Structure formats: structure tokens, C-alpha cells
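Read the structure below first, then the notes.
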Amino acid sequence: MNMRADGAGPPAHELVYRRLREMVLFGELEPGQAVTIQGLVEQLGAGMTPVREALRRMISEGALAFRGNRRIMVPVLDAEAVEQLLLARVALEPQLARRAAQRCTPSDIARLRATDSRLDHAIARGDVRGYLEENHRFHAELNQIAEAPILTELVEGLWLRFGPSLRVVCGMFGTRNLPDRHKDLLEALEKGDAAAAADAMEGDVVQGMTQIREGLA
Numbered sequence: 001m002n003m004r005a006d007g008a009g010p011p012a013h014e015l016v017y018r019r020l021r022e023m024v025l026f027g028e029l030e031p032g033q034a035v036t037i038q039g040l041v042e043q044l045g046a047g048m049t050p051v052r053e054a055l056r057r058m059i060s061e062g063a064l065a066f067r068g069n070r071r072i073m074v075p076v077l078d079a080e081a082v083e084q085l086l087l088a089r090v091a092l093e094p095q096l097a098r099r100a101a102q103r104c105t106p107s108d109i110a111r112l113r114a115t116d117s118r119l120d121h122a123i124a125r126g127d128v129r130g131y132l133e134e135n136h137r138f139h140a141e142l143n144q145i146a147e148a149p150i151l152t153e154l155v156e157g158l159w160l161r162f163g164p165s166l167r168v169v170c171g172m173f174g175t176r177n178l179p180d181r182h183k184d185l186l187e188a189l190e191k192g193d194a195a196a197a198a199d200a201m202e203g204d205v206v207q208g209m210t211q212i213r214e215g216l217a
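This is the structure in C-alpha cells:
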């Protein structure tokens, strides 16, 4: 994929950042895997400067880590890191679900149901990449409905930290063994029940992070 901007769209460094972000978020880069500037330049068809800028941003967000000797790696989560991510997600994501329940429209719910349907199809097919993409899309769409950009930005940073490990767990256990509470959440949204939406999201987060913790043990 050639990542060179033509001047009509986003600048090259933004395109490279978005692509690198997807590579981390959806597990194309595995925990412990090293990345190099030259390797990404060749893989993405991008210039040295935008790759450097994208890596700098990813390191500042905690999605990549600088290990010395010019080595940049995808962090490997330990039990303590998983516990902290769980605590942070439980603090933030139920509140986004609560706000979404207070703001969502029938068209919002229809869009979420369509995304959840694609997620179900990915699970049935054993399509790990499809599962990861549609699961993230469902949560991102919900967060957009919540209209809380500060909370959403914090949550997106958390997802970058556990995305590679979630991909590993999917590869170990398969998609059919990854439960979610999306149906409960959708029901709560339809009823406008903010408390139930928050409870469903908390359950979804706890189930997902527990699966990661058990898979990495």
C-alpha cells in the first residue's frame, strides 16, 4: 500500500499514523515484535520523516515502546498491566455507554445493530480480523454517540495498548469463545435505560479483559 499523500487529502504523516495505528490495534504487529523505521518505510511505501513522526506519536500514546539501542517494540502485557487496563476501562467505558443511552436515536441504534450483525457473522466464520475490526467499530460508534471527546480519546488510547494481546487471544481460542454483552447493551439503548447500558458495558469490558488475562497467563 502506497501511503504517499497527493496534496488533496490528509498529509503523509497522518496517513502513515492511521495505518500504523491499525496495525497495532488489530494485531498485525504482535506483542514483543520489533519495528524499524526502514522496515515501515518499505512496507508502507512512505517517506522516512512521516514514519518517524508516526512512531513518535505511537510511543507517546503507549502503543509502542522505546527499548534502547534504537529498538522500538510492541509492549508485552503482564498481569499488572492487564489489571490497570481493566480498572481504567471500567472507569471510563460504562460512562460513555450511559451518555450514549441518553442521546442515541433510532438511526444510531440501527447502525449499531448492523455493526453487531457483521460482528456475529465474523464470529461464525472464525474471521479474527473481521471480529477485531467490527468489535472496535461497535465501540467506536457507541462512543461517538456519547459525544464525550475527552473520554473517547482516553479510551482509544487504552484500546491501542491491549489490541495486540486481544489478537493473540483470538488466535489461541478462536472467535466463538469471545463473549460480548452487545445484545444487552442494545436492549438498554432501545429502552433509554442509562444504568442498564452502563452495566452491560462494564460486563463486556470485564469479560474481554478477563479473557486476555487468562490467555496471557
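Start counting the sequence shown at 1; every next residue gets the next number (full-length UniProt numbering). A virtual CB, placed ideally from N, CA and C, is assigned to each residue, including glycine. Owing to the predicted nature of the structure, the values given are computational and were not obtained by experimental measurement.
CB-CB under 6 Å to Arg125, same chain, minus the five flanking residues each way: which ones, in chain order?
Position 125 of the sequence shown holds residue 125. Nothing meets the Cβ criterion.
Just how far apart, CA to CA, sit Ser96 and Arg19?
Taking the sequence shown and counting its residues from 1, one reaches residue 96 at position 96. Taking the sequence shown and counting its residues from 1, one reaches residue 19 at position 19. Reading off the sequence shown, one finds Leu at residue 96, where the question assumed Ser. Rounded to the nearest angstrom, the two C-alpha atoms are 26 Å apart.
Skipping 5 residues on each side, what residues in its chain have a beta carbon closer than 6 Å to that of Met73?
If you number the sequence shown from 1, residue 73 lands on position 73. Once the five neighbours on either side are set aside, the close Cβ partners of Met73 are Ala34, Ala65 and Arg67.
Which same chain residues, not among the five before or five after Ile109, have their C-beta less than 8 Å away from its C-beta?
Taking the first residue of the sequence shown as position 1, residue 109 is located at position 109. Cβ within range, chain order: Leu186, Leu189 and Glu190.
Can you check which of these residues, Arg213, Phe173 and Glu156, is closest to Met58 by C-alpha distance?
For the purposes of this step, residue 58 is taken as the residue at position 58 of the sequence shown. When each option's Cα is compared against that of Met58, the closest is Glu156.
Quick check on DSSP: helix, strand or coil for Phe26?
Against the sequence shown, residue 26 aligns to sequence position 26. Note: Phe26 maps to coil in three-state DSSP.
Provide the residue(s) that pair with Ala65 in DSSP beta bridges, ordered along the chain.
By 1-based counting over the sequence shown, the position of residue 65 is 65. According to DSSP, Ala65 bridges with Met73.
For the alpha helix (DSSP H) holding Thr152, just list the boundary residues, first then last.
By one-based count along the sequence shown, residue 152 stands at place 152. Segment Pro149 to Phe173, the alpha helix (DSSP H) holding Thr152.
How would you write the range of the alpha helix (DSSP H) that Asp184 sits in, first residue to last?
Translated into positions along the sequence shown, residue 184 becomes position 184. Unbroken alpha helix (DSSP H) run through Asp184: His182 to Lys191.
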